[in-house]
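Asks: Residue numbers (our numbering): 5 to 713.
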Amino acid sequence: KNMNEILLRRKHKVIVHAGSETLPEDAYIAAVMKNAEAFGYIFSRELFETLQTLDREALQAFYLELIPLIKNLAGADKVYHMMYPDFPRSVMEETKARLYLNAYVHYWSNGTLYPRGTKSERLPFFEETKLTVLGLGSEDDLKDIFYHLCQSKTSISQTDKEDLAWIFRHMKVTFPEEIYLKENAALIGSLYLENNPLASSKELQRFCRTAVDVLRLMTAMSDGDISLAANAKFRSFRRRERRMLLELLENCQNLEEDMLRHKNRWIRAGERIHPSEYSAKQFGKAIAAFDKLRNGIKIETFAGNVAKAAKAGDFKAVLALLKKRPGELARKLDYLFRSTDDKQSVLHAWSDAAGEVSVPVLLQVKEHFAHRADEADRPAVRVFFPKGSLAKCYCMENNLPEIGKPYCEEAVKICTDALVRYFSSREFLGRVYLSEEFRHYAVPFSQRSAGKALKTIARGSKLPLQEKAKAIRGFIWWTNMDDSGKESSRADLDLSAVIFDENWNYMEHVSYTNLRSDQYQACHSGDIVNGGPAGGDGVSEFLDADIDSVVNYGARYLVYQVYSYTGQKFSEMPHAMFGWMSRQDVQSGEIFEPKAVEQKMDLASHSTVCIPVIFDCVSREIIWCDMSLSINRSHAGCGGNNVESNLSGVTAVCYSMANMKKPNLYDLIQLHIRARGQRTDSREEADIIFDTDEGITPFDTEIFMAEYL
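#1: Looking only at C-alpha atoms, which of LEU232, ALA679, LYS417, ASN402 sits nearest to VAL424?
#2: Could you tell me the distance, in whole angstroms, from the CA atom of ASN507 to the CA atom of CYS658?
#3: Kindly identify the DSSP beta-bridge partner or partners of ASN518.
#4: Which term fits LEU404, buried or exposed, when burial requires 16 or more other beta carbons within 10 angstroms of its beta carbon?
#5: Is the segment 496–504 close to the segment 531–542, with three or more CB pairs under 8 Å?
#6: Name the two residues that bound the continuous alpha helix (DSSP H) containing PHE150.
#7: Over what stretch of residues does the alpha helix (DSSP H) that includes VAL83 continue unbroken?
#8: Let me know the secondary structure DSSP gives ALA640 once reduced to three states.
#9: Can you tell me which of ALA42, GLN572, TYR510, LEU208 puts its alpha carbon nearest to the alpha carbon of ILE183?
#10: I need the DSSP call for VAL350, collapsed to helix, strand or coil.
#11: Helix or strand or just coil, what does DSSP make of PHE172?
#12: Please determine if the segment 361–375 and the segment 662–679 are in contact, where contact requires at least 3 C-beta pairs separated by less than 8 Å.
#13: Could you give the DSSP three-state label for LEU547: helix, strand or coil?
#14: Alpha carbon to alpha carbon, what distance is there between GLN257 and MET631?
#15: On a Cα-Cα basis, can you pick out the residue from THR223, ALA203, PHE341 that is closest to ASN188?
#16: Give the DSSP bridge partners of ASP620, in chain order.
#17: Do GLY141 and LYS15 have their beta-carbon atoms positioned less than 8 Å apart in this structure?
#18: In terms of alpha-carbon separation, which member of THR420, HIS375, ILE303 lies closest to ALA358?
#19: On the CB-based measure, 16 or more other CB atoms within 10 Å of its CB, does LEU68 come out buried or exposed?
#20: Which residue marks the beginning of the beta strand (DSSP E) containing GLN682, and which one marks its end?
#21: Three or more C-beta pairs closer than 8 Å, one from the segment 448–457 and one from the segment 158–166: is that the case here?
#22: Identify which residue in ILE595, VAL654, PHE241, GLU471 has its Cα closest to the Cα of GLN565.
#23: Let me confirm a value: MET709 is counted as buried when at least 16 other C-beta atoms fall within 10 Å, else exposed. Which label applies?
#24: Apply the 10 Å Cβ neighbour rule to THR178 and answer buried if 16 or more other Cβ atoms are within range, or exposed otherwise.
#25: Could you name the residues that DSSP lists as bridge partners for SER205?
#26: Are the beta-carbon atoms belonging to ASP262 and VAL216 less than 8 Å from one another?
#27: Are GLY139 and LEU51 close, meaning C-beta to C-beta below 8 Å?
#28: Where do the N-terminal and C-terminal ends of the beta strand (DSSP E) with CYS527 fall, by residue?
#29: Taking SER586 as part of the alpha helix (DSSP H), name the residues at either end of that continuous run.
#30: One question on the structure: do ALA190 and ILE230 come within less than 8 Å of each other, judged by their Cβ atoms?
#31: Within 8 Å, do at least three Cβ pairs link the segment 510–526 to the segment 575–582?
#32: Which parts of the segment 81–136 are runs of the beta strand (DSSP E), unbroken and 3 residues or longer, counting only runs that do not cross its ends?
#33: Comparing C-alpha positions only, which one of LYS237, GLU275, ASP227 sits nearest to LEU250?
#34: What's the C-alpha gap between ASN235 and TRP270?
#35: Where does ARG435 fall in DSSP's three states?
#36: What separation, rounded to the nearest whole angstrom, lies between the Cα atoms of VAL18 and ARG435?
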């Protein structure tokens with residue numbers, strides 16, 4: 005990782021230092037630009053003019069750094085070795101009997117023998133593709149990325165964390181004055197301690213105000229899950245660190261109650277920081293809290309008091325308590341409406357508390373009640389995304405009782421008014437151009453489980469398919485595990501695609517068990533069961549599907565999936581990725597064309613099943629999922645980890661993703677314009693542009709998480 009790798013991936017920029025205006029021959033710059041164009045990039049005027057100041061040696065150094073970076077982004081740095089090199093023609097024209105026998109010979113050889121076949125001459129790649137403008141960057145761009153990530157109001161991805169850590173370690177950046185998200189505060193606190201081993205607790209107290217904040221810091225220092233969704237194994241802390249952690253705990257409010265929320269973790273943490281080694285005079289509050297946890301002494305809690313008041317039927321006391329913690333009131337608002345006939349008092353309480361609730365929570369409450377009362381618009385299922393690094397969702401039938409349309413509308417109005425008041429206190433935006441396309445992009449509320457991808461997209465976003473695209477070509481690439489030579493090192497990934505009708509009834513699938521469809525135009529490049537050495541070229545599988553043939557067959561949704569047949573989690577594998585291309589002619593150009601790659605993502609989740617994307621072939625939209633699935637072990641033993649053994653789980657996840665209601669970026673920016681800007685339909689007149697390929701784009705997630713939430 006270096007600064008240009010981060011800038012190229014996040015901003016489509018590179019840092020180039022101007023030379024002495026020696027103006028190299030045009031042919032050299034033209035060659036650099038032409039080669040970059042082959043991978044989907046064109047240069048901005050500013051970058052071109054800077055390159056003109058470089059001598060031949062500096063231009064060559066720039067080229068040798070740039071090309072590997074852009075190849076890696078699109079997946080063009082890999083060798084795509086497949087079973088049938090003349091795909092898709094060879095698979096479509098071969099008999100089913102021969103395809104069947106070829107597969108068995110390959111299996112019997114443990115994945116070392118392949119069918120005989122040659123690659124025929126193919127037409128040149130003549131398709132029009134959208135090129136990305138590569139701009140001139142600076143170190144200030146990297147600092148902007150750092151501060152946006154630090155000030156994010158929602159959780160950031162693992163890739164974000166790695167970028168933030170790299171910038172912190174390699175550049176001169178100042179410690180942020182304000183960090184809004186507790187997880188980010190823990191991460192930055194651990195980085196700060198790593199680089200300043202003699203730091204005192206005073207420098208961290210403003211970010212560690214509660215026991216949970218301190219627990220997150222300890223977890224970050226131990227390289228654990230700072231979302232606290234998974235248990236962490238605490239490392240041994242130095243004596244100076246132990247004292248600092250106890251000093252932080254001693255200054256926390258509601259210490260005992262907050263520690264009780266994670267009782268078992270704190271008991272384990274106590275074994276690492278040894279509070280009993282210190283005197284009660286030094287850390288009396290912290291020592292007393294640890295003693296109560298270990299000995300099971302009763303601790304009075306806020307949640308317990310709320311439950312007690314609810315059990316006694318004292319609804320006024322319940323509201324009075326919840327108003328003291330507006331975030332809790334927001335999360336229980338629907339329950340409160342359902343629990344009383346005095347709904348007006350709930351509205352009054354919500355009106356008083358809404359101004360103290362965070363923007364992400366207000367947006368989600370607003371979206372919930374906007375669809376709560378309208379029967380026609382009401383989602384059939386409720387979708388839940390549990391906190392943690394594994395991208396999973398759960399759904400259940402939406403059978404909540406009615407609470408009355410006027411109350412829902414008033415709750416939405418209270419949220420809207422609170423958001424407008426909050427945004428109006430920020431800097432004036434001026435004239436704003438806002439693209440209608442932003443309606444299709446979800447607000448990035450939680451990115452902690454997002455995979456590393458060519459484009460960063462919030463789950464549930466719906467992107468348009470390329471207008472001229474006639475087919476989708478999905479692909480995977482992988483190698484075996486690092487411990488080569490052992491049977492356990494063999495890795496077998498499988499690419500599959502399932503089609504469903506508009507009601508999510510299964511219609512057909514294409515996978516290693518069914519290489520081509522008899523009903524619609526789709527075929528698989530052949531099942532490879534051995535990824536080859538971890539340091540080798542790797543292997544790949546491709547899967548083509550014709551969009552119009554899916555619709556003509558009476559289907560609507562095309563769902564790509566990746567399965568780890570040999571059972572290794574993607575996070576354990578040294579190399580594994582998925583991507584797709586939009587193709588106008590599947591027989592033209594190379595089977596893998598970098599310019600045609602729409603999205604590429606590393607497979608790194610702690611799971612053996614991934615559902616990256618859903619294609620809505622009727623509306624010609626791409627629904628971004630990046631979801632994991634738990635294997636159905638009751639069926640996996642019969643036929644392995646594949647489509648057949650996981651169909652019910654796949655259907656449920658995809659139905660949820662396609663039907664859930666999430667706040668979108670268009671509505672968010674509209675609220676900002678209403679509060680602190682002026683809408684314009686002219687890009688030329690705009691002071692700030694929100695568009696898909698100019699100004700602030702939907703893929704600049706760190707900007708939205710920091711500046712607009």
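From the three backbone atoms N, C-alpha and C, an ideal C-beta is built for every residue, glycine too.
Replies: According to the structure data:
#1: As a first step, residue 424 is located in the sequence shown; it is residue number 420 there, counting from the start. Considering only alpha carbons, the answer is ALA679.
#2: Within the sequence shown, numbered from 1, the residue matching residue 507 stands at position 503. Within the sequence shown, numbered from 1, the residue matching residue 658 stands at position 654. So the alpha carbons of these two residues sit roughly 11 Å apart.
#3: To locate residue 518, count along the sequence shown from 1; it is residue 514. Answer by DSSP bridge pairing, in chain order: SER515.
#4: On the sequence shown, residue 404 is found 400 positions in, with the first residue counted as 1. Looking at its Cβ environment, which holds fewer than 16 other Cβ atoms inside 10 Å, LEU404 is exposed.
#5: yes
#6: For the purposes of this step, residue 150 is taken as the residue at position 146 of the sequence shown. Residues 143–154.
#7: Position 79 of the sequence shown, counted from the start, is the residue given in the question as residue 83. Per DSSP, VAL83 belongs to no alpha helix (DSSP H) and is neither H nor E.
#8: As a position in the sequence shown, residue 640 is number 636, starting the count at 1. The predicted model places ALA640 with a pLDDT of 43, which falls under 50 and marks its position as unreliable, so this point remains unresolved.
#9: The residue given as residue 183 occupies position 179 in the sequence shown. Taking only the C-alpha atoms, the option nearest ILE183 is LEU208.
#10: Here residue 350 is taken as the residue at index 346 of the sequence shown, counted from 1. Three-state result, VAL350: helix.
#11: Within the sequence shown, residue 172 is the residue found at index 168, counting from 1. The answer is helix: DSSP assigns PHE172 an H, G or I state.
#12: yes
#13: Along the sequence shown, one-based indexing puts residue 547 at 543. It is a strand residue.
#14: Residue 631 sits at position 627 when you count from the first residue of the sequence shown. Residue 257 sits at position 253 when you count from the first residue of the sequence shown. So the two alpha carbons sit approximately 38 Å from each other.
#15: Residue 188 sits at position 184 when you count from the first residue of the sequence shown. The shortest C-alpha separation from ASN188 is found at THR223.
#16: Taking the first residue of the sequence shown as 1, we reach residue 620 at position 616. Per DSSP, TYR561, GLU625.
#17: Numbered from its first residue, the sequence shown carries residue 15 at position 11. Numbered from its first residue, the sequence shown carries residue 141 at position 137. Yes, the Cβ-Cβ distance between LYS15 and GLY141 is below 8 Å.
#18: Reading the sequence shown from its first residue, position 354 is the one you call residue 358. Nearest of THR420, HIS375, ILE303 to ALA358, Cα basis: THR420.
#19: Taking the sequence shown and counting its residues from 1, the one referred to as residue 68 is at position 64. By the 10 Å Cβ count, LEU68 comes out exposed.
#20: Counting from 1 along the sequence shown, the entry for residue 682 is found at position 678. It spans 681–683 - the beta strand (DSSP E) in which GLN682 sits, taken as one unbroken run.
#21: yes
#22: Residue 565 sits at position 561 when you count from the first residue of the sequence shown. Looking at the Cα atoms, VAL654 is the closest of the given residues.
#23: Sequence index remark: in the sequence shown, residue 709 carries index 705 (1-based). Per the 10 Å Cβ criterion, buried.
#24: Here residue 178 refers to the residue found at position 174 of the sequence shown. Exposed, since its Cβ has fewer than 16 Cβ neighbours within 10 Å.
#25: Taking the first residue of the sequence shown as 1, we reach residue 205 at position 201. Looking at the DSSP assignment, SER205 forms no beta bridge with any residue, so it has no partner.
#26: The sequence position of residue 262 within the sequence shown is 258, counting from 1. The sequence position of residue 216 within the sequence shown is 212, counting from 1. Taking 8 Å as the Cβ cut-off, ASP262 and VAL216 qualify as a contacting pair.
#27: What you label residue 139 is simply residue 135 of the sequence shown in a count that begins at 1. What you label residue 51 is simply residue 47 of the sequence shown in a count that begins at 1. Yes, these two residues count as a Cβ contact at 8 Å.
#28: Working through the sequence shown from its first residue, we reach residue 527 at position 523. CYS527 -> beta strand (DSSP E) spans 526–528.
#29: What you label residue 586 is simply residue 582 of the sequence shown in a count that begins at 1. Not the alpha helix (DSSP H): SER586 falls in the beta strand (DSSP E), residues 580–587.
#30: Taking the first residue of the sequence shown as 1, we reach residue 190 at position 186. Taking the first residue of the sequence shown as 1, we reach residue 230 at position 226. A contact, by the Cβ cut-off of 8 Å.
#31: no
#32: none
#33: Here residue 250 refers to the residue found at position 246 when the sequence shown is read from its first residue. For the residues LYS237, GLU275, ASP227, the minimum Cα distance to LEU250 belongs to GLU275.
#34: Taking the sequence shown and counting its residues from 1, the one referred to as residue 235 is at position 231. Taking the sequence shown and counting its residues from 1, the one referred to as residue 270 is at position 266. If you take the alpha carbons of ASN235 and TRP270, they lie about 11 Å apart.
#35: Within the sequence shown, numbered from 1, the residue matching residue 435 stands at position 431. Note: ARG435 maps to strand in three-state DSSP.
#36: One-based indexing of the sequence shown puts residue 18 at position 14. One-based indexing of the sequence shown puts residue 435 at position 431. For VAL18 and ARG435, the distance between alpha carbons rounds to 29 Å.
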